[in-house]
Each structure stands twice: as structure tokens, then as C-alpha cells.
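Notes follow once the structure below has been shown.
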Amino acid sequence: MSDTPIEKMSFEEAMRELETIVGQLDSGEVELEKSIALYERGAKLKAHCDAKLKEAEEKVATITADADGNAVGTQAFEVK
Amino acid sequence: MSTLLYMHEDCDDHVTPPGHPEQVARLPAIRSALAGFDHLDRREVSLGTADDVLRCHTEAYLASVKDAVPAEGWVSLDADTHLSPGSLTAAWRGVGGCVAAVDAVLSGEAKTAFVACRPPGHHAERATAMGFCLFGNVAIAAKHALDVHGLSRVAVVDFDVHHGNGTQDLLWDEPRTLFISSHQMPLYPGTGAPNERGAHDNVINLPLAPMTGGVEMRRIYRDEAIPALDDFAPELVLISAGFDAHRDDPLANLNWTDEDFAWVTGAICDVADAHAGGRVVSTLEGGYDLHALGTSAAAHVRVLMERGG
């Protein structure tokens, strides 16, 4: 389990831990007593991933390019 | 005729480490919830025998459990499953209670029985203790009914919130049984997918999504579990009665209420009435909120008493 609080995790970090948890729950390696805590952490990670995806959907990044066409940065696209 | 109740104080000597949810206080919670049930026929529980256990487990496994029992303190068989000095005797009472309940019900002493012993049984596999369980009590009861009483069709319905992997393992290749388990998924022990069907299509797994409450549970039982049970036409119905699908349970996320446990009990009794002369033997599995355990077990037993009339 990562030490980073879930709310500060990147999408990739949260997904990685979620995949690990799903694998553990499916494999039966988890203790009965701890299974529920693991499931509940998985549910929080999933909610965080959902929120991150929603954020990304709402903030379509417009790529700014220099004169040669190379990407030099991104700029948030404001939904009107 | 009433409902038989099998409980024994030796089961309070199966002591789990501090903070363990499968705690000594569980049976006192049930005793006190059933205290006013004057018409229950309270029976002594004898010790089970090696013959009973060996119908489902290996000799090596039985010997290893016997050898592991500590003189004091605890020995852990896995991260969940611990033995205290009194655990083996408690487990023998669970086996003995289930076997005695089957004997009594099949000899016509009563139609229904509830065996409230601990440790529970439905996670114990042929050669593996796990999930708080040592011996597969309900599968042992099924084998006893088949091999000793000569029945040809025995059903086991397991509504504990965790999959009954042990019962599934013990009855996997037993075509004279039908095992139906409803359980939360994902959750411990990770097994119990619908494609696990037994060697003879004799296993039916009905996973329930987290937060499943009474409406959806009843739909699944009405549409799937009960018709399958009815088609099987059991001569005896056994129940693995875990009360941890209750909404207050700390180890799972289903949302059943006392009324839901009463409903599912009644639905199972309907099938027993149609095919098995009403004969139902129920045995305690999980249930870790002490108050909810008491009220839902009482709701379950009340229906067994009404139906056992």
C-alpha cells in the first residue's frame, strides 16, 4: 500500500494500486479479517480514479506549438 | 414438535486473540437473543467423531489440527485462523451438533434444527483450515445424511456473506448434493464465481455486488436459487447460516436486514416443505456485529420454529 494519501495520488498510481488490490481479492491471498478493509480502499481508489478521469474530460488540454510544430506546453481548455 | 437448538458451553472455550471478530461473545449474543424462545427444544451436544470428520477431511489434516492445539495461548493456522487450548473440543462439538441435528430431524423428532456452535465451518477445505474454520460442519452433516442415513439428495444453501469455498471443495465431486452459495463479490476468499459449477453441475454460485440489499437479494433467490433448489427436490435441506450479510456487519458491505434473513429462511423452508417433509438443519457460520447477529439469528430461528410447527 502506498504511503501517499489517495487524494494526492496520480491517476496512474491509483490505478496501479487498484489493480493490485483486485488481484489480491481475486487470488484469495487476503485474510478474511482484512478483506473488507482492502475492498473499501479499492472503492476509494476507484472513486479517485473516476474523479481524475472526469477532471481530465472537463479540462481538454490544448497543445501549444512553436514555429517548427513542436509541442511546447499545454493550456487548459475552459469549458464554456 | 418444535425446533431443536444445539449449543454447548465448550464452544465458548474456543478463544480467539483480542480484537478478533470471530469472538467468544458471539454465542452469548445468540443465547441472549433466543432466551425468550420458550418453545425451543434445547439439546445437549455430543462430541463429533473422527469418522464424521474423515468423511470430508484427510487423516493427515485431522492429525495436524490435533497436534497443533497449544497448551496455552494461541497457535495460528493461517493469518485468520487461530487455535486456543479449547478450540479442538469446541470444533468437535460443532461436528457433533450438526450430526446429531441430522439424526434427530431424519428420525422425526423435529422438522427443523439450529446448531449454534463455533468455530464456524464453511471455509475449511479438505486439508486446509482457513477463514476462522477448522472442520466443514455443514458438508460433514450432508455426508452423514447420505452415507449413514442413505438419503440420495441433500441440498446445502449458504447465505453467509463470504463464499463457502470449503463446502464447495468438500462437495465438489458429490453428485448427491446441490450446493448453492450467495455471497458478496469481491470479498474474501475470492472464489465463488458463477462458472465454478462442481464436477456434476452440483454447485451454484450467486455473487452479489457490494451494497446489495433485500430487494435485489430476494429477486436473485426467487429467480435463481429457489427454482434450482426446487428442481433438485432435496430430501433434506441444510443451511450455512452466516449473518454477516447484515447491513451492520463490520466485515462486509451487503445491506440485508433481519426481515431479509427471515424471508430467505422462509423461502428455503417452502422448498423443504415441498420435497423434504419440511426437514431443515441450519448451522451457524459468520456474523460479526454482536447485536445484528443476535437479532438476525433470532429472526431466522423464529421462522424455523413457525415452519417446524
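Chains A and B supply the protein sequences, listed in that same order.
Mind the numbering: the first sequence is residues 11 to 90 in this note's numbering, read in order.
Mind the numbering: the second sequence is residues 434 to 742 in this note's numbering, read in order.
Positions of the beta carbon are idealized from the N, C-alpha and C atoms, including for glycine.
Under the rule that 16 or more other beta-carbon atoms within 10 Å means buried, what is residue 461 of chain B, buried or exposed? Burial call: exposed.
Tell me, please, whether the stretch 501-510 of chain B touches the stretch 485-492 of chain B by the rule of three or more beta-carbon pairs shorter than 8 Å. Taking 8 Å as the limit for Cβ pairs, the verdict is that the stretch 485-492 of chain B does not touch the stretch 501-510 of chain B.
Members of the stretch 583-602 of chain B near chain A, C-beta cut-off 8 Å: Those would be 595, 598, in chain order.
Can you list, in chain order, the residues of its chain whose CB lies under 8 Å from that of residue 712 of chain B, leaving out five sequence neighbours each side? 538, 539, 544, 545, 668, 669, 670, 705
Do you know offhand how far residue 675 of chain B's Cα is from residue 67 of chain A's? 44 Å
Return the chain-ordered list of same chain residues with a C-beta closer than 7 Å to the C-beta of residue 570 of chain B, the five sequence neighbours on each side being excluded. Same-chain partners within the cutoff: 527, 528, 531, 554, 716.
Give the DSSP bridge partners of residue 566 of chain B, in chain order. B:563
Taking residue 624 of chain B as the query, report the chain A residues whose CB atoms sit under 7 Å from its CB, ordered along the chain. 38
Rounded to the nearest angstrom, what separates residue 735 of chain B and residue 695 of chain B at their Cα positions? 8 Å
Decide if the stretch 554-563 of chain B is in contact with the stretch 466-475 of chain B; the criterion is three or more beta carbon pairs, one per stretch, under 8 Å apart. no
Cα-Cα separation, residue 690 of chain B to residue 643 of chain B: 15 Å
Chain A contact residues for residue 741 of chain B, given Cβ-Cβ distances below 8 Å: Chain order gives no chain A residues near residue 741 of chain B, where near means a beta carbon separation below 8 Å; the closest approach is about 32 Å.
Quick test of your reading: residue 595 of chain B and residue 719 of chain B, contact by CB under 8 Å. State the CB separation rounded to the nearest angstrom. 6 Å
Does any residue of chain A bring its CB to less than 8 Å from the CB of residue 512 of chain B? A Cβ of chain A is located within less than 8 Å of the beta carbon of residue 512 of chain B.
With a 10 Å radius around its C-beta and 16 neighbouring C-beta atoms as the bar for buried, classify residue 54 of chain A as buried or exposed. Exposed is the call here.
Grab the span of the beta strand (DSSP E) containing residue 546 of chain B for me, first residue to last. 545-548
Could I get the ranges of all uninterrupted alpha helix (DSSP H) runs contained in the stretch 636-666 of chain B, with 4 residues as the minimum, in chain order? 647-653, 659-665
If we call anything under 8 Å between Cβ atoms a contact, is residue 438 of chain B one with residue 475 of chain B? yes
Nearest CA to the CA of residue 33 of chain A: which residue from B:649, B:741, B:623? The shortest Cα separation from residue 33 of chain A among B:649, B:741, B:623 belongs to B:623.
Tell me whether residue 614 of chain B is buried or exposed, calling it buried when 16 or more other Cβ atoms sit within 10 Å of its Cβ. Buried: at least 16 other Cβ atoms inside 10 Å.
Residue from B:728, B:657, B:521 with nearest C-alpha to residue 681 of chain B: B:728
Can you list, in chain order, the residues of its chain whose CB lies under 7 Å from that of residue 28 of chain A, leaving out five sequence neighbours each side? 52, 55, 56, 59
Is the Cβ of residue 737 of chain B closer than 8 Å to any Cβ of chain A? no
Neighbour-count burial assignment, residue 683 of chain B, 16 or more Cβ in a 10 Å radius: exposed
Interface residues of chain A around residue 619 of chain B at Cβ under 8 Å? The contacting residues are 32, 35, 36, 49, 52.
Alpha-carbon to alpha-carbon, residue 525 of chain B and residue 534 of chain B: 14 Å
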